[in-house]
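Those protein sequence lines, which keep their order, are chains A and B.
Using our numbering, the first residue of the first sequence is number 440, and each one after it goes up by one.
Using our numbering, the first residue of the second sequence is number 440, and each one after it goes up by one.
Cβ coordinates follow ideal geometry from the N, Cα and C atoms, glycine included.
All remarks here apply to the structure that follows.
There are 2 protein chains.
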Amino acid sequence: MTGKDVTAAFVIIGNEILSGRTKDANLNFLATFLNQRGIQLREVRVVPDITETIIDTVNLLKAKFDYVFTSGGIGPTHDDITSASIAEAFSTELYRHPDAEELLHTQYSPEDRTPARMKMADVPRGATLIDNPVSKAPGFRIENVFVLAGVPEIFQAMLDELAPSLVGGTPVESVTVSTNLGEGVVADGLEVIQNNFPDMDVGSYPYFRSGVFGTSLVMRSQNTADLELAAEQVRALIRSLGQEPIEGEVK
Amino acid sequence: MTGKDVTAAFVIIGNEILSGRTKDANLNFLATFLNQRGIQLREVRVVPDITETIIDTVNLLKAKFDYVFTSGGIGPTHDDITSASIAEAFSTELYRHPDAEELLHTQYSPEDRTPARMKMADVPRGATLIDNPVSKAPGFRIENVFVLAGVPEIFQAMLDELAPSLVGGTPVESVTVSTNLGEGVVADGLEVIQNNFPDMDVGSYPYFRSGVFGTSLVMRSQNTADLELAAEQVRALIRSLGQEPIEGEVK
């Protein structure tokens, strides 16, 4: 059985991530969100606030993956260049979207509607808005590219808004079996199991919890029958090495 | 005055980051570490455990930036394919490094020296080892590429080990001035300041702390004289909008 793959990439736009000023908090959230919906995140790039770099990166990734998500650079200041860069990537122009303008009018009283703030109503022609329930200024979708805010609360809220428009593939399920054995002890047997299931993603992750070293063995596949067979082989491997397998992750 | 730019890229290798299982904890640490040493992190990519992808990514980035750092995939299991991929990227072969072998002998008693564990002594020809004070299995450097473990404690310890071998450029200094004004209020004046200092990175980052919205204005430059001039203009801008500037970040 081969499942239907639906793939995605994520572009994190922002000098502040690259300089170390700001810790990204969106990657793990998006990865989990997509995984739950049968969409496989295949690549992530963090790029600076440089128009050409954003254009080249988005053009490359939107051709390569089913969906592209971006975070950051859609606020009111001069360093918010994402919307203009995306318009250029799609060879179109920015225009003031009437619905976006109206949303900002509900957020700002007339004297607070500065040109900088109203710029947040400008989106590429052909884009549809993504609601921002936190602070109104919307994100947008154009073809297979979703342009979202960088502030984690807004990023997450926008994902909830756009979720119904995503079409997922066959979900990748996972089974985790842990053991207090070291990676180096299970490695040879684990490779045999990987070879038994060549299409499966069999991962090995060492941990150190409550003074004990151990290894989590994670099997990921679209084929749940295979997954259970492989997990049973992993449990048998651990027993053959003199330990009782631990189901799931060790907290 | 133009400073000397020394640049870097970071490749995070691991399916577990892309699936959401594991939260990356190395990006922000590396960004800060490099920034402190006058090295500008310019791009980050998260890629899956696929040999071709690792080879292509490393080859592209090592030609484009002064330094490339990788994390992940140098353990004992079948999914640890980074060392072999890097060897292939440099058109060379893996060999068992005698010093690495000796290090592993200090870590593992003879009965624990499984073939899988001893594989961690294999590095590309031409590589020099990077000590791992946590669990012995070393990282390595080949030309301008530094190959490090993914486990954050080991990643960080390896950076400390290799730090003396890095040659930094002119450090990028930063000054942060904060204000309880919104981004949209300072945006127009801030753009004028950016235009006064076109080579400077002038960033605007909204925050919400203790029930108060505000904005941190961050200026980054290799030219400390310009930096102080720009900061003074930012303080004047905030005063002209009826607020007293707050020095630094708001905690």
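Just tell me which of the options has its CA closest to the CA of residue i.
i	options	result
residue 662 of chain B	B/625, B/612, B/618	B/612
residue 499 of chain B	B/483, B/512, B/488	B/483
residue 455 of chain B	B/624, B/511, B/653, B/585	B/511
residue 462 of chain B	B/469, B/453, B/470	B/453
residue 690 of chain B	B/660, B/671, B/506, B/654	B/654
residue 507 of chain A	A/594, A/513, A/637, A/449	A/449
residue 539 of chain A	A/528, A/578, A/573	A/578
residue 554 of chain A	A/530, A/573, A/516, A/501	A/516
residue 548 of chain B	A/658, A/624, A/636, A/665	A/624
residue 471 of chain A	B/459, B/469, B/492, B/638	B/459
residue 650 of chain A	A/528, A/619, A/491, A/557	A/619
residue 684 of chain B	B/639, B/635, B/640, B/621	B/621
residue 566 of chain A	A/518, A/535, A/638, A/504	A/535
residue 568 of chain B	B/501, B/542, B/680	B/542
residue 531 of chain A	A/645, A/494, A/556	A/494
residue 509 of chain A	A/681, A/602, A/485	A/485
residue 590 of chain B	B/659, B/648, B/571	B/571
Using a Cβ cut-off of 9 Å (strictly closer), state whether residue i contacts chain B.
i	result
residue 599 of chain A	no
residue 440 of chain A	Bear in mind that the predicted position of residue 440 of chain A carries a pLDDT of just 48, short of 50, making it unreliable; the figure below should be weighed with that in mind. Not one chain B Cβ lies under 9 Å of residue 440 of chain A.
residue 456 of chain A	yes
residue 451 of chain A	yes
residue 483 of chain A	yes
residue 467 of chain A	yes
residue 459 of chain A	yes
residue 659 of chain A	yes
residue 514 of chain A	yes
residue 495 of chain A	no
residue 591 of chain A	no
residue 595 of chain A	no
residue 486 of chain A	yes
residue 603 of chain A	no
residue 645 of chain A	yes
residue 551 of chain A	yes
So that I know if they touch, is there some Cβ in chain A lying closer than 9 Å to that of residue i?
i	result
residue 462 of chain B	yes
residue 472 of chain B	yes
residue 638 of chain B	no
residue 445 of chain B	no
residue 613 of chain B	yes
residue 544 of chain B	no
residue 548 of chain B	no
residue 506 of chain B	no
residue 642 of chain B	yes
residue 663 of chain B	no
residue 673 of chain B	no
residue 682 of chain B	no
residue 570 of chain B	no
residue 610 of chain B	no
residue 536 of chain B	no
residue 587 of chain B	no
residue 561 of chain B	no
residue 480 of chain B	yes
Given that a residue counts as buried once 16 or more other Cβ atoms are within 10 Å of its Cβ, and exposed if not, what is residue i?
i	result
residue 675 of chain A	exposed
residue 465 of chain B	buried
residue 488 of chain A	buried
residue 440 of chain B	At residue 440 of chain B the pLDDT is 48, less than 50, meaning the model places this residue with poor confidence; the figure from the coordinates comes in the next sentence. Exposed, because fewer than 16 other Cβ atoms sit within 10 Å of the Cβ of residue 440 of chain B.
residue 551 of chain B	exposed
residue 582 of chain B	exposed
residue 503 of chain A	exposed
residue 652 of chain A	exposed
residue 638 of chain A	exposed
residue 681 of chain A	exposed
residue 527 of chain B	buried
residue 490 of chain A	exposed
residue 626 of chain A	buried
residue 404 of chain B	One cannot answer for residue 404 of chain B here, as it falls past the ends of chain B, which runs 440 to 690.
If contacts are defined as beta-carbon pairs under 8 Å, then residue i and residue j qualify, I think. What distance do you get, rounded to the angstrom?
i	j	result
residue 643 of chain B	residue 687 of chain B	That belief does not hold up - the Cβ atoms of residue 643 of chain B and residue 687 of chain B are roughly 15 Å apart, past 8 Å.
residue 575 of chain A	residue 546 of chain A	4 Å
residue 669 of chain B	residue 636 of chain B	5 Å
residue 657 of chain B	residue 615 of chain B	5 Å
residue 598 of chain B	residue 580 of chain B	Their Cβ separation, rounded to whole angstroms, is 12 Å, which puts residue 598 of chain B and residue 580 of chain B out of contact at 8 Å.
residue 606 of chain A	residue 592 of chain A	That belief does not hold up - the Cβ atoms of residue 606 of chain A and residue 592 of chain A are roughly 26 Å apart, past 8 Å.
residue 514 of chain A	residue 645 of chain B	7 Å
residue 518 of chain B	residue 641 of chain A	7 Å
Applying a beta-carbon distance threshold of less than 9 Å, which residues of chain D neighbour residue i?
i	result
residue 555 of chain A	Going by chain labels, chain D is absent from the structure shown, which instead holds the protein chains A and B.
How do the stretch 440-451 of chain A and the stretch 472-485 of chain A stand: do at least 3 beta-carbon pairs fall below 8 Å, yes or no? yes
Decide if the stretch 552-562 of chain B is in contact with the stretch 515-527 of chain B; the criterion is three or more beta carbon pairs, one per stretch, under 8 Å apart. Output reads yes: the stretch 515-527 of chain B touches the stretch 552-562 of chain B.
Evaluate contact between the stretch 572-590 of chain B and the stretch 627-638 of chain B, counting only Cβ atoms and requiring at least three cross-stretch pairs below 8 Å. no
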